[in-house]
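Participant: Got a structure for you, written out below as structure tokens; questions coming shortly.
2 protein chains.
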Amino acid sequence: MTVTKWNVRAGAYYDSVVLMQLQRGLLGLSGVVDAGVVMATQANRDLLAANNLLPDSISANPDDLLIVVKAKDDSSATEAIGKADELLARRKSSTVSEDFRPRSLSGAVKQLPEANWVLISVPGRYAAGVAREALELNKHVFLYSDNVSIEDEIALKKTAREKGLLVMGPDCGTAIINGIGLGFANRVRRGGIGVVGASGTGTQAVTTYIHALGAGISHAIGTGGRDLKSEVGAITAHQALDVLARDIDTKVIVLVSKPPSDEVAMKLLTSAQATGKLIVVDFIGYSPPSRSLGNLHFAASLSEAAGMATSLAEEQILHNESSNYQSPIANHYLRGLFSGGTLAYETTLSLQALLSPFFSNTPIKESQRLIDPLRSQGHTIVDLGDEFFMVGRLHPMIDNDLRIRRLRQEADDQDVGLILLDVVLGEGAHPDPASELAPVINEIKDKRPEIEVVVIVVGTDTDPQNLSLQVEQLRAAGAIIYPSVDAAIDFVARLFHQAPRSEDTPISLAAFSNPLAAINVGLESFYDSLVSQGAQAVHVEWRPPAGGNEKLASLLARMKK
Amino acid sequence: MTVTKWNVRAGAYYDSVVLMQLQRGLLGLSGVVDAGVVMATQANRDLLAANNLLPDSISANPDDLLIVVKAKDDSSATEAIGKADELLARRKSSTVSEDFRPRSLSGAVKQLPEANWVLISVPGRYAAGVAREALELNKHVFLYSDNVSIEDEIALKKTAREKGLLVMGPDCGTAIINGIGLGFANRVRRGGIGVVGASGTGTQAVTTYIHALGAGISHAIGTGGRDLKSEVGAITAHQALDVLARDIDTKVIVLVSKPPSDEVAMKLLTSAQATGKLIVVDFIGYSPPSRSLGNLHFAASLSEAAGMATSLAEEQILHNESSNYQSPIANHYLRGLFSGGTLAYETTLSLQALLSPFFSNTPIKESQRLIDPLRSQGHTIVDLGDEFFMVGRLHPMIDNDLRIRRLRQEADDQDVGLILLDVVLGEGAHPDPASELAPVINEIKDKRPEIEVVVIVVGTDTDPQNLSLQVEQLRAAGAIIYPSVDAAIDFVARLFHQAPRSEDTPISLAAFSNPLAAINVGLESFYDSLVSQGAQAVHVEWRPPAGGNEKLASLLARMKK
Numbered sequence: 094m095t096v097t098k099w100n101v102r103a104g105a106y107y108d109s110v111v112l113m114q115l116q117r118g119l120l121g122l123s124g125v126v127d128a129g130v131v132m133a134t135q136a137n138r139d140l141l142a143a144n145n146l147l148p149d150s151i152s153a154n155p156d157d158l159l160i161v162v163k164a165k166d167d168s169s170a171t172e173a174i175g176k177a178d179e180l181l182a183r184r185k186s187s188t189v190s191e192d193f194r195p196r197s198l199s200g201a202v203k204q205l206p207e208a209n210w211v212l213i214s215v216p217g218r219y220a221a222g223v224a225r226e227a228l229e230l231n232k233h234v235f236l237y238s239d240n241v242s243i244e245d246e247i248a249l250k251k252t253a254r255e256k257g258l259l260v261m262g263p264d265c266g267t268a269i270i271n272g273i274g275l276g277f278a279n280r281v282r283r284g285g286i287g288v289v290g291a292s293g294t295g296t297q298a299v300t301t302y303i304h305a306l307g308a309g310i311s312h313a314i315g316t317g318g319r320d321l322k323s324e325v326g327a328i329t330a331h332q333a334l335d336v337l338a339r340d341i342d343t344k345v346i347v348l349v350s351k352p353p354s355d356e357v358a359m360k361l362l363t364s365a366q367a368t369g370k371l372i373v374v375d376f377i378g379y380s381p382p383s384r385s386l387g388n389l390h391f392a393a394s395l396s397e398a399a400g401m402a403t404s405l406a407e408e409q410i411l412h413n414e415s416s417n418y419q420s421p422i423a424n425h426y427l428r429g430l431f432s433g434g435t436l437a438y439e440t441t442l443s444l445q446a447l448l449s450p451f452f453s454n455t456p457i458k459e460s461q462r463l464i465d466p467l468r469s470q471g472h473t474i475v476d477l478g479d480e481f482f483m484v485g486r487l488h489p490m491i492d493n494d495l496r497i498r499r500l501r502q503e504a505d506d507q508d509v510g511l512i513l514l515d516v517v518l519g520e521g522a523h524p525d526p527a528s529e530l531a532p533v534i535n536e537i538k539d540k541r542p543e544i545e546v547v548v549i550v551v552g553t554d555t556d557p558q559n560l561s562l563q564v565e566q567l568r569a570a571g572a573i574i575y576p577s578v579d580a581a582i583d584f585v586a587r588l589f590h591q592a593p594r595s596e597d598t599p600i601s602l603a604a605f606s607n608p609l610a611a612i613n614v615g616l617e618s619f620y621d622s623l624v625s626q627g628a629q630a631v632h633v634e635w636r637p638p639a640g641g642n643e644k645l646a647s648l649l650a651r652m653k654k
Numbered sequence: 094m095t096v097t098k099w100n101v102r103a104g105a106y107y108d109s110v111v112l113m114q115l116q117r118g119l120l121g122l123s124g125v126v127d128a129g130v131v132m133a134t135q136a137n138r139d140l141l142a143a144n145n146l147l148p149d150s151i152s153a154n155p156d157d158l159l160i161v162v163k164a165k166d167d168s169s170a171t172e173a174i175g176k177a178d179e180l181l182a183r184r185k186s187s188t189v190s191e192d193f194r195p196r197s198l199s200g201a202v203k204q205l206p207e208a209n210w211v212l213i214s215v216p217g218r219y220a221a222g223v224a225r226e227a228l229e230l231n232k233h234v235f236l237y238s239d240n241v242s243i244e245d246e247i248a249l250k251k252t253a254r255e256k257g258l259l260v261m262g263p264d265c266g267t268a269i270i271n272g273i274g275l276g277f278a279n280r281v282r283r284g285g286i287g288v289v290g291a292s293g294t295g296t297q298a299v300t301t302y303i304h305a306l307g308a309g310i311s312h313a314i315g316t317g318g319r320d321l322k323s324e325v326g327a328i329t330a331h332q333a334l335d336v337l338a339r340d341i342d343t344k345v346i347v348l349v350s351k352p353p354s355d356e357v358a359m360k361l362l363t364s365a366q367a368t369g370k371l372i373v374v375d376f377i378g379y380s381p382p383s384r385s386l387g388n389l390h391f392a393a394s395l396s397e398a399a400g401m402a403t404s405l406a407e408e409q410i411l412h413n414e415s416s417n418y419q420s421p422i423a424n425h426y427l428r429g430l431f432s433g434g435t436l437a438y439e440t441t442l443s444l445q446a447l448l449s450p451f452f453s454n455t456p457i458k459e460s461q462r463l464i465d466p467l468r469s470q471g472h473t474i475v476d477l478g479d480e481f482f483m484v485g486r487l488h489p490m491i492d493n494d495l496r497i498r499r500l501r502q503e504a505d506d507q508d509v510g511l512i513l514l515d516v517v518l519g520e521g522a523h524p525d526p527a528s529e530l531a532p533v534i535n536e537i538k539d540k541r542p543e544i545e546v547v548v549i550v551v552g553t554d555t556d557p558q559n560l561s562l563q564v565e566q567l568r569a570a571g572a573i574i575y576p577s578v579d580a581a582i583d584f585v586a587r588l589f590h591q592a593p594r595s596e597d598t599p600i601s602l603a604a605f606s607n608p609l610a611a612i613n614v615g616l617e618s619f620y621d622s623l624v625s626q627g628a629q630a631v632h633v634e635w636r637p638p639a640g641g642n643e644k645l646a647s648l649l650a651r652m653k654k
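If you're matching them up, the sequences are chains A and B in order. The first sequence begins at 94 in my numbering and counts up one residue at a time. The second sequence begins at 94 in my numbering and counts up one residue at a time.
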């Protein structure tokens, strides 16, 4: 028969390392069978219950500390509970040179004026306040703490963006800046691959695999898991991309995240395209628009992202396209008139990720459905073989009439800059489609020479239509020919490529090229880790305002104003 | 000033080739500026309107034929309308040897008893009836017609499945059986790659690219675009996979479709896995669970699918796993206890596509959300670093207590057959995680030796924890170690691999190995194409029941019963 005893301490602040050490201390006492030392949140109470460590009669608030001991007899339990204070004190005395430590951020800055980064790992409810202070002191922030509200995150990131500072996090587990790991980070070779990671272990896995493949990391910038949500709008990811794009030592950039919202993804991919650098994208679980789009390469897993980045870096492929190139039709619309449903769908899948506003009669998302299949809007892909058009009419692979009429209709629209067609050869199809389509393409190019006409021709050298004759006729009419959707989209994506523009205050590259110097607020182990890596660092002997008494703290804050 | 005249013909049936030819005939007459010959559906009326060919005063039903002529003067317009009958008759007489043609399916079967396929391309409203008749005559069906109801599709496919017959379609554009293209099909080399295509041009593109890469096609089986919807449940795709799996000439199978519903995808991938053959999957726009899972390889585009299939076929990789292998834990549950959120997410992404029922506290789909994060259900992945667990507690990369308790909890569950962990090394993490985890793994393996413990270890050779020492300790405790999620999932997928089971009546391989002989009902051009490819074929001089008069037809049908 075991005996369970407990002790509740109201509203006091305890470092989570202290709590872990207290629990271990209790478990080490004679007669103790199990012990739990937790803040009394519902989740933690449920966890205690799952371990048979929650007596029915405990009443405690989420801010209270709960110490529970299960022992083999009453006296052991009582004795253990009684030793809690002694164990807490023992931990205290083990920390040396505490007297020299600053007790505030501003004190730490006086001690280490060259500090360019502040690492924050205090409990969530205090973290935003510390981060705000760090930004006021013009420091970049690595915000490890979780349980920070999204409103605080947005406010902090907007302030940071205005000042040309980075806020990595909240809930940012990992970063590597100028060779020094912040938070959880693996020791990896330095090299030409930069990482922008909205996920901590994602960044750890990718940097680890890159190291194993013999390549190295320039910088790995964390954003926190919520950065790519619509509300935050990937503020940090955009800043990180920009700074890595300007960093000459970064040759390839890996972008790792859970799938962002469509709008955020589109903006981020557009920015990534505009950097002109080689970018490997792993939006884990995102349907890539294709395997690659210009300078963007899409990976299906963390290990593949590492592999792709390593080979791109090794091959030293130079992406020749100037990032300031803008084609004359970049601000016009694309219209795709397809006979093949799947070709239309594959094209739609790629383009809807890059072009906006985008519509189709066979859309990927309902919000992109063309209101009237007979009238294009914005960028449009129409599947002319859709059932809607097919009552009493031959398929557009056999009868070109519908497509020819629509071709003329699109060319009359002054907003149109590119028309995309497919021509599918083979058994059953029109015996000579180019003979009917080429004259219309010719007519369009005569009337509006600026319009690009791109044709995807699917067929074999043994098809009855004579593939090369078909291609020749279309090319002579002024069309650009591709054999597959992938190849055509790659071309189209470059034409509609937008020159980069950013109103953000750029981040000075100094924070990335100067030796890393940092102030640590929170988990002492992060400070130890910085020092062991040879970085200059100061640890703040932080306590929450008013010792964690929130009523008193808010009173003090009000008095300050 | 142009003049528009029109003529409405009520409720009669016209072949769409006839309509196209009539329109072209009218356009060729002197004084005619434009002409439209369409069934008077709303879509077609809108199309006429878009071409300024729809006078306000026309009243017609969707089943009516609408002939509209725009001419430069009144007399030309009147004359053209008057010539419609003559033009229709002219088309008639151009077809030779009509007298020898059967006028019914059963008549055609008498003429070509060895026919194993029936091609149907009559208008949608008649198509299901013809298909039903073909199945009654024990013929496989290639159903090109669109605008067939989904109820008819389901009924036809269920009948076919019971009889060991295939219904490709409705709206099936493409198939290649034993070297002969049906419908729209490119002329491609024969070879070892089979295709199951839910999309016509998808199949055309893939087979074309395979041909261009020097490889060839065994058979390409179409399913129709709706086959992979939940309502139909991929009946045809499952049959097609099964028949290609049994066909010894097919070495690699390509599966092409728009993304199916999750449930259909899971069943189809499970069947595909169970075939033991190398399978390339291109569910266009689907987020692949990873680049490959055992014998399944995921492509991101049609051209990539062709490339992958070609290299797999060339490399002659022999997939050694017997398709009847079943591991002792195949009917147990997997439990993943992760410290890394992204590793948990990547794992969840892969496994939720393969295992059911599946749950997680950080799910991809809300329906897979774990009700209580403290208690696993079915197959479960838990991210122990989620905010929920983190109030006043150190991250599980630093403090192993939470995970150790959960490890014991899972091992006590008799339904559990595999436990998956991650161990992330590096700065900031626990200095020796294996020293705490290995003893628990040991304890579990002692108690329940049948449980597999798989550990993903992420770290570098320069990390402070000593990577190889960590791996050694874990391995000595009985764990199986992998460096990445991909590699671990590949192993796990094989263990949970289900032996194939099917209650379908298998399709006789004879229909695929005997020379193709077919009956064609509908578009005559498909018959011409069969003959030009050297296939035996009979064209049915088909007319709708009661000449297209539906009231009379339903009366006749009722009298038959």
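Beta carbons: idealized from backbone N, C-alpha and C, even for Gly.
Got a sec: is the Cβ-Cβ distance from SER383(A) to anything in chain B below 7 angstroms?
Facilitator: Yes, its Cβ sits closer than 7 angstroms to a Cβ of chain B.
Participant: I'd like the list of long-range same chain contacts for GLN135(A), defined as Cβ closer than 8 angstroms, with 5 residues on each side in sequence excluded.
Facilitator: The residues are PRO155.
Participant: Should PHE619(A) go down as buried or exposed, given a rule of 16 or more other Cβ atoms within 10 Å for buried?
Facilitator: Buried, because 16 or more other Cβ atoms sit within 10 Å of the Cβ of PHE619(A).
Participant: Using a C-beta to C-beta distance shorter than 7 angstroms, which residues of chain B count as neighbours of THR555(A)?
Facilitator: Correct list: ARG280.
Participant: Report the residue from ARG541(B), ILE341(B), ARG117(B), ASP494(B) whose alpha carbon sits nearest the alpha carbon of SER109(A).
Facilitator: When only C-alpha atoms are compared, the closest one is ASP494(B).
Participant: With a cut-off of 7 angstroms, does the C-beta of GLN204(B) fall near any C-beta of chain A?
Facilitator: With 7 angstroms as the cut-off, GLN204(B) does not count as an interface residue toward chain A.
Participant: Could you tell me whether the Cβ of VAL189(A) comes closer than 7 angstroms to any Cβ of chain B?
Facilitator: With a pLDDT of only 48 at VAL189(A), under the threshold of 50, the placement of this residue in the model should not be trusted; the figure read from the coordinates follows. Closer than 7 angstroms: no.
Participant: So with CB distances below 7 angstroms, who are the chain B contacts of LYS351(A)?
Facilitator: Per Cβ cutoff of 7 angstroms: TYR438.
Participant: Helix, strand or coil for MET94(A)? Go by DSSP, reduced to three states.
Facilitator: Reduced to three states, the DSSP call for MET94(A) is coil.
Participant: Would you please state the rounded distance, in angstroms, between the beta carbons of ASN279(B) and GLY307(A)? I believe it to be under 8 angstroms.
Facilitator: Not quite, the Cβ-Cβ distance comes to about 44 angstroms (not below 8 angstroms), so this is no contact.
Participant: Quick one: Cα of ASP506(A) to Cα of GLY318(A), how far?
Facilitator: C-alpha separation (whole angstroms): 43 angstroms.
Participant: Is the shortest distance between the beta-carbon of ARG486(B) and the beta-carbons of chain A less than 7 angstroms?
Facilitator: For ARG486(B), the answer is yes, since a Cβ of chain A falls inside 7 angstroms of its Cβ.
Participant: What number of angstroms, rounded off, separates the C-alpha of THR363(A) from the C-alpha of ALA522(A)?
Facilitator: So the alpha carbons of these two residues sit roughly 38 angstroms apart.
Participant: Does ASP597(B) pass the burial test, meaning 16 or more other C-beta atoms within 10 Å, or should it be called exposed?
Facilitator: Its Cβ having fewer than 16 others within 10 Å, ASP597(B) is exposed.
Participant: Using CA coordinates, which residue listed in ILE273(A), ARG339(A), THR294(A) is at the minimum distance from ILE35(A)?
Facilitator: This structure gives no information on residue 35(A), because the portion of chain A shown stretches from 94 to 654.
Participant: In the DSSP assignment, what are the bridge partners of ASP127(A)?
Facilitator: ASP127(A) is bridged to LYS163(A).
Participant: How would you list, in chain order, the residues of chain A whose beta-carbon sits under 9 angstroms from the beta-carbon of GLU617(B)?
Facilitator: Per Cβ cutoff of 9 angstroms: no residues; GLU617(B) is ~11 angstroms from chain A at best.
Participant: Name the residue from GLU439(A), ILE464(A), ALA406(A), GLN470(A) whose alpha carbon lies nearest to the alpha carbon of ILE457(A).
Facilitator: The shortest C-alpha separation from ILE457(A) is found at GLU439(A).
Participant: Answer with buried or exposed for VAL624(A), where buried requires no fewer than 16 other C-beta atoms within 10 angstroms of its C-beta.
Facilitator: VAL624(A) comes out exposed.
Participant: Along the chain, where does the beta strand (DSSP E) that runs through ARG499(A) open and close?
Facilitator: It is not in any beta strand (DSSP E) - ARG499(A) instead sits in the alpha helix (DSSP H) that spans 494-504.
Participant: For a test of the three-state rule: what should DSSP assign to PHE376(B), helix, strand or coil?
Facilitator: Looking at PHE376(B) - three-state DSSP - the assignment turns out to be strand.
Participant: Which residues mark the beginning and the end of the alpha helix (DSSP H) in which ASP515(B) is found?
Facilitator: Segment 509-517 is the beta strand (DSSP E) holding ASP515(B); no alpha helix (DSSP H) there.
Participant: Could you work out which residues of chain B lie near ASP239(A), taking near to mean beta carbons separated by less than 7 angstroms?
Facilitator: Those are GLU480, MET483, listed as they occur along chain B.
Participant: Which residues in chain B have a C-beta closer than 7 angstroms to the C-beta of ARG498(A)? List them in chain order.
Facilitator: Here the neighbours are ASN144.
Participant: For chain B, find out if any of its Cβ atoms is closer than 7 angstroms to the Cβ of SER577(A); answer yes or no.
Facilitator: Yes, because at least one Cβ of chain B sits closer than 7 angstroms to the Cβ of SER577(A).
Participant: State the Cα-Cα distance for the pair GLY564(A) and LYS232(B), rounded to the nearest angstrom.
Facilitator: Before going further, note that residue 564(A) is Val rather than Gly in the sequence given. Looking at the two C-alpha atoms, the distance is approximately 39 angstroms.
Participant: Excluding the five sequence neighbours on either side, which residues of its own chain have a C-beta within less than 8 angstroms of the C-beta of LEU146(B), listed in chain order?
Facilitator: Correct list, in chain order: THR97, ASP127, ALA128, GLY129, VAL161, LYS163.
Participant: For ARG102(B), which three-state DSSP category applies?
Facilitator: If DSSP states are grouped into helix, strand and coil, ARG102(B) belongs with the strands.
Participant: Looking at the C-beta of LEU159(B), does it have a partner C-beta in chain A at a distance below 7 angstroms?
Facilitator: Chain A contact via Cβ: absent.
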